[in-house]
Amino acid sequence: MTLDRRALIVSGMAAAAMPTLARAAPLPPQPGDHVQGLANAKVQIVEYASMSCGHCAHTALEVMPAIKKRYIDTGKARLVFREFLTPPYDLAGAGFLLANRVPPARYFEAVDAIFAAQKGMYQTGDYWGGLLGVAKRFGLTEAQLEATLNDKAALAALNARVEASAKRDKIDGTPTFFVNGFQLVGEVTVEDLSHAIDKALKG
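Positions -24 to -1, 1 to 179 (mature numbering (1 follows the signal peptide of the UniProt record, and there is no 0)) are the ones given, in order, by the sequence shown.
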C-alpha cells in the first residue's frame, strides 16, 4: 500500500482529556460534511474528528451512541461530522478515504468500524491489514481498497478540507465539538455533551 503522506499545516496533537468550553462563531455546513439528524433541529453539533485519534475513537464508540439516541434520533439535534487529520497521517487519511468509499448511507458505520479496529492496528502496527478487514466487511476487495487509498484526487480534496478547517475554525486538535457555537475541546463524556446540548435547547 502506498499513500501520499503530504504534511498538513496542523499540529495534529490530540487534545487534553478534560474538555474546555468557549464561545465561538456558529459554523455553517461545509462541503464534505457528513450529517445525521434533521436540518431544522434546534441544536447543531459540529464534531471534528480524526481516524487516528484515540480520544475520537473513544468518543465515537462510548459517547456518541447515547447522544444519538437521546438527541439526534429524537429530532432535537443534528450532527455535522467533519474530517480532520492527526498523526499518524497515513492512518488518518487512509481511514477517511475508506469511509468515503462505502455507500454514503453506511459512512458512519464505516467510521465506527475503523475506530473499533484502531487499537488493534496500533498494537500490531499493521494498518493495511486492519483497514482491509474493515473494507471486506463492506464488500470491498483488496484491489478496490488499494485503488481507494491511492486516489490522489480524493486525498487532495481531504487535505484541502482539513487545511481550510484549520485556518477558518482554528482547529488544531481532536476531538473538537461546537454546540450551537459553543466550543468543547478534548475528550468529552456523555454528561459533558448532554449539558451543552440541554443548555442550547433552553436558549
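Backbone N, C-alpha and C define an ideal beta-carbon position, used for all residues, glycine too.
Note that the structure is a prediction, hence the values are computed from the model and not measured.
Take residue i as the anchor and find which of the options has the nearest alpha-carbon.
i           : options           : result
residue 67  : 95, 21, 85        : 95
residue 127 : 73, 49, 153, 155  : 73
residue 92  : 106, 81, 169, 9   : 106
residue 216 : 117, 169, 149, 11 : The requested residue 216 does not occur in the structure, where the chain is confined to residues -24 to 179.
residue 8   : 164, 131, 121     : 131
residue 180 : 36, 50, 43        : The structure shown does not extend to residue 180, since the chain is modelled only from -24 to 179, so the question has no answer here.
residue 167 : 38, 110, 135, 13  : 38
residue 79  : 102, 125, 116     : 116
residue 171 : 32, 43, 34, 33    : 43
Where do the N-terminal and C-terminal ends of the beta strand (DSSP E) with residue i fall, by residue?
i           : result
residue 160 : 158 to 161
residue 108 : Where residue 108 is concerned, there is no enclosing beta strand (DSSP E), although the alpha helix (DSSP H) it sits in stretches over 103 to 113.
For residue i, collect the residues of the same chain with a Cβ closer than 6 angstroms to its Cβ; drop the 5 residues on either side in sequence, then sort them by chain order.
i          : result
residue 23 : 57, 153
residue 71 : 27, 90
residue 47 : 53, 173
Near residue i, which residues of its chain fall below 8 angstroms by C-beta distance, leaving aside the five closest residues on each side in sequence?
i           : result
residue 179 : 156
Where do the ends of the alpha helix (DSSP H) carrying residue i lie?
i           : result
residue 142 : 128 to 144
residue 177 : 166 to 178
residue 147 : It is not in any alpha helix (DSSP H) - residue 147 carries neither H nor E in the DSSP assignment.
Could you check what DSSP says for residue i in three-state terms: helix, strand or coil?
i           : result
residue 72  : helix
residue 6   : coil
residue 255 : With the chain covering -24 to 179 only, the question about residue 255 has no answer from this structure.
residue 11  : strand
residue 55  : strand
residue 78  : coil
residue 17  : coil
On the premise that residue j lies in contact with residue i, defined as a C-beta separation below 8 angstroms, what is that separation, rounded to the nearest angstrom?
i           : j           : result
residue 18  : residue 177 : 6 angstroms
residue 12  : residue 84  : 7 angstroms
residue 118 : residue 108 : 6 angstroms
residue 34  : residue 139 : Wrong, their Cβ atoms sit about 26 angstroms apart, outside the cutoff.
Just to confirm my understanding: we take residue i, look at its own chain, exclude 5 residues before and 5 after, and list those with CB closer than 7 angstroms. What are they?
i           : result
residue 141 : 24, 58, 60, 147
residue 87  : 36, 75
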